[in-house]
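First the structure, in the form of structure tokens, and then the observations on it.
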Ligand code: NAD
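Numbering (the working numbering), first residue to last: 5 to 490.
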């Protein structure tokens, strides 16, 4: 390994105190780490599903027993309340168990039908490990989000090299250190720290796949870097999720969901609610309930500071632009430095940045619609397509299907993230590929198809000793099977 001289500090966003000092790993170091991971990957793959599940369960137990310690670190580096940190840790623990338990069934060898033409073959498919998976993560859910790739990639038999966000490097290191305590033999899960350049070096290091979670802009840079070596990528990017409230909705439940979905974690949630479209018949009632509930959310207690200093300016710009175009802030609209007040905006023009761009702050825009058709059209008028929520007693699933997004919660909010069996991901600027669920496991496997010949077929096609008679018989068979008019 190369000597690392340069370092950076992670800071507590509430106080700007130094939480920890970490190396800025350069490309040489990243390559050495990936090389070590490559041989560790062979050993890890060799443990098989049962051996890996045993280690993942030991890790899960450590995470569970030491969750309070990890939550304190998340609180320090990210700023979110400890209780919210516990929530994401507990969800990640549940996902880890799911990945370990279901990997054999989802990825293990399965028979398929050989079809009539190849009836002399037994055919199987299995998902073999890719090798080394590079995971590049964000800071907003520094445990739950990367673990959606890390735990699933490990369960699928890969080694992992993780580059956490420069805002939460200590959390990433904590995860790798605890994993090493239950897998001390080989560096199966390693962490590299630094800024974007360290992440870019990981993209160019020859890993078998990059699983990225972050902003769409960085996602494009990652794809460009990965294109140089044809390294496949999974992109989990941002969102501008909408919540729809139908005329027959449970208005109190919808208001509660909108406030939590939009304001929890200070709005720094990829699947957070940023826009609400409400049927005119329940609009006034809904708005007054949202305002009342949002008034009870206390910055500094129920929600933490804005983690990235630069984000405060973006939130301010979205709010002031909306207000300058005739919008009204029913509550909030101001900030005390890093602590932004819960803000509810109405009468915001649909082309305003507050409606079109990811705000990533504790804000909600609420718009009145005369029909759910209008609500769907407006909700879908975005380049993003990550999650969404629909409140309706009579037509929830039907409305959900019309949302252009990867996930929808009907009569609740964000619930899909807590179900390990469900794939998680989006379309458009929200990215592609899926974490979680069987789809998330398969992202980290290479399907290998095997045909095993059991006996020689009467019509052998793959030989130079094939005769014209064989060709004629084959043509006749195809015409019998497929040539009839319907
Ligand atoms: P970001 O894009 O700024 O950074 C993400 C990671 O990429 C960091 O580790 C960063 O160091 C690294 N990086 C930066 N430049 C790079 C480069 N050129 N090459 C390689 N790596 C590079 O995002 P962020 O601010 O950390 O996270 C917030 C964003 O993440 C929001 O847009 C949010 O919606 C999104 N997000 C999405 C999901 C999801 O599952 N879809 C989950 C959480 C967050």
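Ideal Cβ placement from N, Cα and C applies to all residues, glycine included. Because the structure is a prediction, the values reported are computed rather than measured.
Considering only C-alpha positions, which residue in the set the options is nearest to residue i?
| i | options | result |
| --- | --- | --- |
| residue 146 | 411, 64, 58 and 83 | 83 |
| residue 431 | 417, 209, 149 and 412 | 412 |
| residue 219 | 390, 192 and 305 | 390 |
| residue 294 | 267, 64, 309 and 273 | 267 |
| residue 246 | 31, 337 and 276 | 276 |
| residue 359 | 280, 225 and 428 | 280 |
| residue 101 | 184, 56 and 121 | 56 |
| residue 52 | 9, 298 and 111 | 111 |
| residue 259 | 236, 362, 240 and 290 | 290 |
| residue 25 | 48, 127 and 171 | 171 |
| residue 376 | 228, 314, 248 and 80 | 248 |
| residue 13 | 99, 197, 79 and 410 | 197 |
| residue 215 | 235, 380 and 284 | 235 |
| residue 329 | 28, 471 and 355 | 355 |
| residue 77 | 106, 174 and 60 | 174 |
| residue 287 | 232, 331, 223 and 371 | 371 |
| residue 65 | 75, 41 and 97 | 97 |
| residue 80 | 150, 455, 18 and 93 | 18 |
| residue 254 | 405, 397, 60 and 476 | 397 |
| residue 36 | 415, 210, 482 and 117 | 210 |
| residue 374 | 285, 227, 42 and 27 | 285 |
Count the other CB atoms within 10 Å of the CB of residue i; is the residue buried (16 or more) or exposed (fewer)?
| i | result |
| --- | --- |
| residue 22 | exposed |
| residue 401 | exposed |
| residue 199 | exposed |
| residue 485 | exposed |
| residue 119 | exposed |
| residue 342 | buried |
| residue 3 | Only positions 5 to 490 of the chain appear in this structure, which leaves residue 3 out of reach. |
| residue 310 | buried |
| residue 369 | buried |
| residue 283 | buried |
| residue 490 | exposed |
| residue 250 | buried |
| residue 137 | buried |
| residue 331 | buried |
| residue 487 | exposed |
Among residues of its own chain, excluding the 5 on either side of residue i, which ones have a beta-carbon nearer than 6 Å to its beta-carbon?
| i | result |
| --- | --- |
| residue 357 | 322 and 325 |
| residue 461 | 124 |
| residue 176 | 166, 168 and 195 |
| residue 95 | 148 and 422 |
| residue 204 | 229 |
| residue 2 | Residue 2 lies beyond the residue range present for the chain, which begins at 5 and ends at 490; the question has no answer from this structure. |
| residue 244 | 278, 362, 386 and 388 |
| residue 49 | 133 and 161 |
| residue 190 | 44 and 47 |
| residue 434 | 241, 243, 388, 389 and 390 |
| residue 16 | 23 and 80 |
| residue 157 | 137, 164 and 448 |
| residue 337 | 323 and 347 |
With DSSP as the reference, please indicate the residues paired to residue i in a beta bridge.
| i | result |
| --- | --- |
| residue 133 | 449 |
| residue 303 | 307 |
| residue 278 | Bridge partners of residue 278: none, in fact. |
| residue 93 | Paired residues: none, contrary to the question. |
| residue 27 | 11 |
| residue 393 | 247 and 413 |
| residue 372 | 282 |
| residue 463 | Bridge partners of residue 463: none, in fact. |
| residue 340 | 343 |
| residue 238 | 215 |
| residue 349 | 333 and 369 |
| residue 138 | 165 and 214 |
| residue 128 | 115 and 454 |
| residue 428 | 439 |
| residue 195 | 166 |
Taking only beta-carbon atoms, is residue i less than 9 Å away from chain D?
| i | result |
| --- | --- |
| residue 156 | No chain D is present in this structure, which holds just one protein chain. |
Starting from the C-beta of residue i, find all residues in its chain whose C-beta is less than 8 Å away, skip the five residues before and the five after it, and write them out in chain order.
| i | result |
| --- | --- |
| residue 320 | 339 |
| residue 154 | 139, 164, 166, 179 and 193 |
| residue 458 | 124, 125 and 126 |
| residue 114 | 128, 129 and 130 |
To which residues of the same chain is residue i closer than 7 Å at the C-beta, ignoring the five residues directly before and after it?
| i | result |
| --- | --- |
| residue 273 | 144 |
| residue 262 | 247, 277, 280, 294 and 368 |
| residue 256 | 293 |
| residue 297 | 259, 260 and 263 |
| residue 381 | none |
| residue 351 | 330, 331 and 332 |
| residue 233 | 208 and 210 |
| residue 34 | 196, 202, 205, 206 and 209 |
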